[in-house]
Amino acid sequence: MTLRWGAAIRGAAERGLRMALEPATKTFARWRVHPNILSSTGFVLTCVSGYLFSQHRISTAGIVMLAGGAFDLFDGTVARRTGRASSFGAFFDSTLDRASEIAVYIGLMVLFSDLGLAFVGIRASVWVVAGLAGSLMISYTRARAEALGMKCAVGLMQRAERVILVGGVAAVIGAAPAAGSPGIILGWTIVVLAVLAILTAAQRVAWIYRITRPDGEPRPGADD
Numbered sequence: 001m002t003l004r005w006g007a008a009i010r011g012a013a014e015r016g017l018r019m020a021l022e023p024a025t026k027t028f029a030r031w032r033v034h035p036n037i038l039s040s041t042g043f044v045l046t047c048v049s050g051y052l053f054s055q056h057r058i059s060t061a062g063i064v065m066l067a068g069g070a071f072d073l074f075d076g077t078v079a080r081r082t083g084r085a086s087s088f089g090a091f092f093d094s095t096l097d098r099a100s101e102i103a104v105y106i107g108l109m110v111l112f113s114d115l116g117l118a119f120v121g122i123r124a125s126v127w128v129v130a131g132l133a134g135s136l137m138i139s140y141t142r143a144r145a146e147a148l149g150m151k152c153a154v155g156l157m158q159r160a161e162r163v164i165l166v167g168g169v170a171a172v173i174g175a176a177p178a179a180g181s182p183g184i185i186l187g188w189t190i191v192v193l194a195v196l197a198i199l200t201a202a203q204r205v206a207w208i209y210r211i212t213r214p215d216g217e218p219r220p221g222a223d224d
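Under this note's numbering, the first residue of the sequence shown carries the number 1, and numbering increases by one thereafter.
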């Protein structure tokens with residue numbers, strides 16, 4: 001029941017965001033912009049945000065990160081509307097998503113190494129690595145499940161949530177000195193992300209275990 005409510009809330013939020021971005025999506029489709037170009041643009045923007053984090057330009061990095069994340073919604077929709085959806089396009093998009101996420105975490109690691117912060121007795125850079133590991137495990141568990149014929153999209157801290165959490169917090173606190181030290185607030189955000197990402201990966205493992213028989217075949221209705 002909890003998973004269904006979580007999926008419903010996430011679906012409603014995604015539909016609302018897609019509606020807000022619909023004018024831009026229509027424009028890209030009308031101009032017949034190739035989906036791979038949109039994926040590449042999102043990749044470049046997200047990598048730029050990683051560089052901006054490393055230069056301590058937190059607010060700008062957050063804004064650019066959110067802009068790059070928006071292209072995750074553009075490329076797939078434009079591909080379908082222009083009849084250019086393909087297996088390679090899906091593979092290309094997912095690969096760039098992982099690479100761009102790594103770039104952001106590298107930028108965050110440089111930022112926190114320069115600031116020399118620690119949280120719960122652990123250096124901030126270690127929390128960044130934990131967040132990256134959890135994020136990659138979330139993606140891996142889904143990809144591995146799909147390779148076995150199961151659709152695994154459960155969990156709280158999926159890619160969209162990670163982008164909105166880090167990018168949104170960075171954009172707001174970096175431009176609001178009254179909020180305190182941007183580095184400290186962003187650091188605690190990464191701690192929360194790391195914990196939730198690891199829990200999400202574990203949740204997916206538990207979910208796959210629950211829906212499979214001893215012989216490893218998915219139970220009927222596993223994708224519902």
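Think of the CB as a built atom: it goes at the ideal place given N, C-alpha and C, for glycine as much as any other residue.
Please classify residue i as buried or exposed, where buried requires at least 16 other C-beta atoms within 10 Å of its C-beta.
i	result
Gln203	buried
Thr46	buried
Arg80	exposed
Ser86	exposed
Thr141	buried
Glu22	exposed
Ala20	exposed
Ile88	The residue asked about is misnamed: residue 88 is Phe in this sequence, not Ile. Flag for Phe88 reads exposed.
Kindly list the residues whose CB is nearer than 7 Å to the CB of residue i, restricted to its own chain and excluding five residues on each side of it in sequence; keep chain order.
i	result
Val78	Thr25, Phe28, Ala29, Val33, Pro35, Leu38
Thr189	Leu165, Val166, Val169
Phe242	Not covered by the structure: residue 242. The range shown for the chain is 1 to 224.
Ile63	Ala171
Ile208	Ala145, Met150, Cys152
Ser231	Residue 231 lies beyond the residue range present for the chain, which begins at 1 and ends at 224; the question has no answer from this structure.
Thr2	Because the pLDDT at Thr2 is just 48, under 50, the model does not fix this residue reliably, and the value given afterwards should be weighed accordingly. The answer is none, since no qualifying residue turns up.
Ala103	Thr46, Cys47, Gly50
Val205	Thr141
Anyone know if the C-beta pair for residue i and residue j falls short of 8 Å?
i	j	result
Gly107	Leu193	no
Ala133	Phe43	no
Thr60	Leu66	no
Beta-carbon within less than 6 Å of residue i's beta-carbon, same chain only, minus the 5 sequence neighbours each way: which residues are those?
i	result
Phe91	none
Ala178	The predicted position of Ala178 is uncertain, since its pLDDT is 45 and thus under 50; no value can be drawn from it.
Gly69	Val163
Tell me the DSSP secondary structure of residue i in three-state form.
i	result
Thr82	coil
Arg204	helix
Ala118	strand
Arg144	helix
Arg123	strand
Next on the checklist: Within 8 Å, do at least three Cβ pairs link the region 144–151 to the region 190–203?
Outcome noted: no
Next on the checklist: So, does the region 155–173 touch the region 123–130, judging by three or more C-beta pairs under 8 Å?
Outcome noted: Output reads no: the region 123–130 does not touch the region 155–173.
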